[in-house]
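One structure is given below, encoded as structure tokens.
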Amino acid sequence: MSDRLHTNEPTLIKPIKQHGHKAWRRLFAAACLFLGSTVSAHAAETISGTNTLQSVDVAGLPGNKAQITLTLSNAVPAPMSFTIDNPARIALDFPETKNGLVQRSQNVGIGMVESLTAIEAQGRTRVVVNLVNMVPYEAHADGNKVILTVQNAGGGLSEAAVAAARASDSTGDNISNIDFRRGENGEGRVIVSLSDPSIPVDMQQEGGKVLVDFYRTQLPAELERRLDVLDFATPVKTIDTYTKGDAVHMVITPTGEYEYIAYQADNQFTIEVRALTKKEVEESKKDEFGYKGERLSLNFQDIEVRSVLQLIADFTGLNVVVSDTVRGSLTLRLKNVPWDQ
1 MSDRLHTNEP TLIKPIKQHG HKAWRRLFAA ACLFLGSTVS AHAAETISGT NTLQSVDVAG
61 LPGNKAQITL TLSNAVPAPM SFTIDNPARI ALDFPETKNG LVQRSQNVGI GMVESLTAIE
121 AQGRTRVVVN LVNMVPYEAH ADGNKVILTV QNAGGGLSEA AVAAARASDS TGDNISNIDF
181 RRGENGEGRV IVSLSDPSIP VDMQQEGGKV LVDFYRTQLP AELERRLDVL DFATPVKTID
241 TYTKGDAVHM VITPTGEYEY IAYQADNQFT IEVRALTKKE VEESKKDEFG YKGERLSLNF
301 QDIEVRSVLQ LIADFTGLNV VVSDTVRGSL TLRLKNVPWD Q
């Protein structure tokens, strides 16, 4: 890994103020880990030319949903996106794109969308959508438009997404294995092996349980069962997995007070559940595992590594120096994870 990052002429990804050596070392080590384990051998293709964000239109949809249509001057692929739970917001990144909007910010007040802001910096434009609360969303490109659909407080996929899921049964996306392990500190880890790393996953906490949905995915008959893992001495009691329509539904039942995170590297999706101490319960404002950074959710599918590091640098306010030889792409998904972890 060190050979990849070493160079006599490093390039500076984000020249902004640094916030302490400990946080930087953790972030850089994490970046090195993903570079070493997930970077593909081939270089990712870059988008040639410069685009311009021309307009933003917001409309209400049935079910108290909101649809945001971003119109650009040229065709555009689906943008890289990430979310923050508190304050709740969705961010879309458009590389090689100028901000041609007259107003940088505008109030919305439709569904769960409060307002949105478009900011241009370092040759790209970021659109930030401020929400009342974090809810599921979908973003896809259609020619020179990017359409962002924000669900209501009830969540769930839109009718179009459900129809697409039904049409994709022939693709054979499936869960190949479900494993459970106990971590070094007594945390419980549910490890799900996916046939395709791009399978959509949605998680939420409800009624003291962790609910996970793997959309447009099939479950082998031998994996449709309940796992009783109480003997592992972790916060997890049972794991129920079964088919629900065109999706695979998983219910994780913990015991006592707990917190959870989820992360994905390539085809392996992991839900980690950790018991809270009495002190941690009393200090409810403290983030899990001792980390205090804002919670961040990322979902990258075959994204250029340098773009990922640029996003991390922007969000954390840290300097990231990367060799010109670092190339390739990775698939990574994080859910509700403090950024400094």
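Per the numbering used here: the sequence shown = residues 1 to 341. Backbone N, C-alpha and C fix where the C-beta goes; we use that ideal spot for every residue, glycine too.
query: Using 8 Å as the Cβ pair cut-off and three pairs as the minimum, do the region 200-212 and the region 220-232 touch?
result: no
task: Output the distance between the C-alpha atoms of PRO77 and ALA141, rounded to the nearest integer angstrom.
output: Indexing the sequence shown from 1 puts residue 77 at position 77. Indexing the sequence shown from 1 puts residue 141 at position 141. Cα-Cα distance, rounded: 6 Å.
Rounded distance between the beta-carbons of ILE252 and ILE239, thought under 8 Å: Indexing the sequence shown from 1 puts residue 239 at position 239. Indexing the sequence shown from 1 puts residue 252 at position 252. Right, the Cβ-Cβ distance comes to about 6 Å (below 8 Å), so this counts as a contact.
- prompt: With distances taken between CB atoms, is the gap from THR270 to ARG189 smaller than 7 Å?
  reply: Taking the sequence shown and counting its residues from 1, one reaches residue 270 at position 270. Taking the sequence shown and counting its residues from 1, one reaches residue 189 at position 189. The answer is yes: Cβ separation under 7 Å.
ARG181 to TYR263 span [Cα, whole Å]: On the sequence shown, position 181 is the one that residue 181 refers to. On the sequence shown, position 263 is the one that residue 263 refers to. Approximately 15 Å between the Cα atoms of the pair.
- request: Report whether the distance from the Cβ of PRO200 to the nearest heavy atom of the ligand FAD is below 6 Å.
  value: Judged by which ligands are present, the structure shown has none, so any question about the ligand FAD falls away.
task: In angstroms with no decimal places, state the Cα-to-Cα distance between LYS65 and SER323.
output: Here the question's residue 65 lines up with position 65 in the sequence shown. Here the question's residue 323 lines up with position 323 in the sequence shown. Each residue's alpha carbon lies about 43 Å from the other.
message: Tell me which residue opens and which closes the beta strand (DSSP E) that VAL236 is part of.
response: The residue you call residue 236 lines up with position 236 of the sequence shown. From DSSP, the beta strand (DSSP E) with VAL236 extends over 236-244.
- request: Label TYR258 either buried or exposed according to how many other C-beta atoms from any shown protein chain fall within 10 Å of its C-beta, with 16 as the threshold for buried.
  value: Numbered from 1 along the sequence shown, position 258 holds the residue referred to as residue 258. With 16 or more Cβ atoms within 10 Å of its Cβ, TYR258 is classed as buried.
field: CB-CB length for ASN51 against PHE94, believed under 8 Å
entry: The residue given as residue 51 occupies position 51 in the sequence shown. The residue given as residue 94 occupies position 94 in the sequence shown. With 8 Å as the limit, ASN51 and PHE94 qualify as a contact, their Cβ atoms being about 7 Å apart.
message: Taking its Cβ as the centre, do 16 or more other Cβ atoms sit within 10 Å of ARG124, making it buried, or is it exposed?
response: By one-based count along the sequence shown, residue 124 stands at place 124. Buried, since its Cβ has 16 or more Cβ neighbours within 10 Å.
message: Using DSSP's beta-bridge definition, name the partner residues of VAL128.
response: Working through the sequence shown from its first residue, we reach residue 128 at position 128. DSSP output for VAL128 lists ALA91 and THR117 as bridge partner(s).
query: The alpha helix (DSSP H) with VAL76 in it runs from where to where?
result: Here residue 76 refers to the residue found at position 76 of the sequence shown. No alpha helix (DSSP H) holds VAL76; DSSP gives it neither H nor E.
task: Quick one: grab the DSSP three-state call for SER55.
output: The residue labelled residue 55 in the question sits at position 55 within the sequence shown. In this structure, SER55 counts as strand in the three-state DSSP scheme.
query: So, are the CB atoms of LEU148 and THR97 less than 7 Å apart?
result: Taking the sequence shown and counting its residues from 1, one reaches residue 148 at position 148. Taking the sequence shown and counting its residues from 1, one reaches residue 97 at position 97. Their beta carbons are not under 7 Å apart, which means LEU148 does not touch THR97 by this criterion.
Beta-carbon contacts of PRO200 that lie in its chain and below 6 Å, excluding the five residues immediately before and after: On the sequence shown, position 200 is the one that residue 200 refers to. The residues are TYR215.
Span of the beta strand (DSSP E), counted from its first residue to its last, around VAL251: Translated into the one-based positions of the sequence shown, residue 251 becomes position 251. 247-254 is the extent of the beta strand (DSSP E) around VAL251.
field: Cα-Cα separation, ILE342 to ASN319
entry: Nothing in the structure corresponds to residue 342, since the chain is present only between 1 and 341.
field: Euclidean distance between Cα positions of THR351 and ASN267
entry: Absent from the model: residue 351. The displayed extent of the chain is 1 to 341, so no value can be given.
- prompt: What number of angstroms, rounded off, separates the C-alpha of ILE175 from the C-alpha of LYS237?
  reply: Sequence index remark: in the sequence shown, residue 175 carries index 175 (1-based). Sequence index remark: in the sequence shown, residue 237 carries index 237 (1-based). ILE175 and LYS237: Cα-Cα distance of roughly 21 Å.
query: Alpha carbon to alpha carbon, how far is GLY60 from ASN152?
result: As a position in the sequence shown, residue 60 is number 60, starting the count at 1. As a position in the sequence shown, residue 152 is number 152, starting the count at 1. Each residue's alpha carbon lies about 11 Å from the other.
task: Starting from the Cα of LEU194, find the closest Cα among ASN177, MET80 and MET203 and give me that residue.
output: On the sequence shown, position 194 is the one that residue 194 refers to. Measuring from the Cα of LEU194, the nearest candidate turns out to be ASN177.
task: Quick one: residues in its chain with C-beta nearer than 7 Å to the C-beta of ASP179, no 5 flanking neighbours on either side, listed in chain order?
output: In the sequence shown, counting from the first residue as 1, residue 179 sits at position 179. Here the set comprises ILE191.
- prompt: Would DSSP call ALA233 helix, strand or coil?
  reply: Within the sequence shown, the letter at position 233 stands for residue 233. If DSSP states are grouped into helix, strand and coil, ALA233 belongs with coil.
field: Continuous beta strand (DSSP E) stretch holding VAL212: start and end
entry: Mapped onto the sequence shown, residue 212 falls at position 212. Where VAL212 is concerned, the enclosing beta strand (DSSP E) stretches over 209-214.
- request: Please look up how many angstroms separate the CB atoms of VAL56 and LEU101, rounded, as I've assumed it's under 8 Å.
  value: In the sequence shown, residue 56 corresponds to position 56, counting from 1. In the sequence shown, residue 101 corresponds to position 101, counting from 1. That pair is a contact at about 7 Å.
message: Tell me which residue opens and which closes the beta strand (DSSP E) that VAL273 is part of.
response: Here residue 273 is taken as the residue at index 273 of the sequence shown, counted from 1. First-last of the beta strand (DSSP E) with VAL273: 268-275.
query: Is MET134 near ASP202, with beta carbons less than 7 Å apart?
result: Your numbering for residue 134 matches position 134 in the sequence shown. Your numbering for residue 202 matches position 202 in the sequence shown. No, they are not a contact pair.
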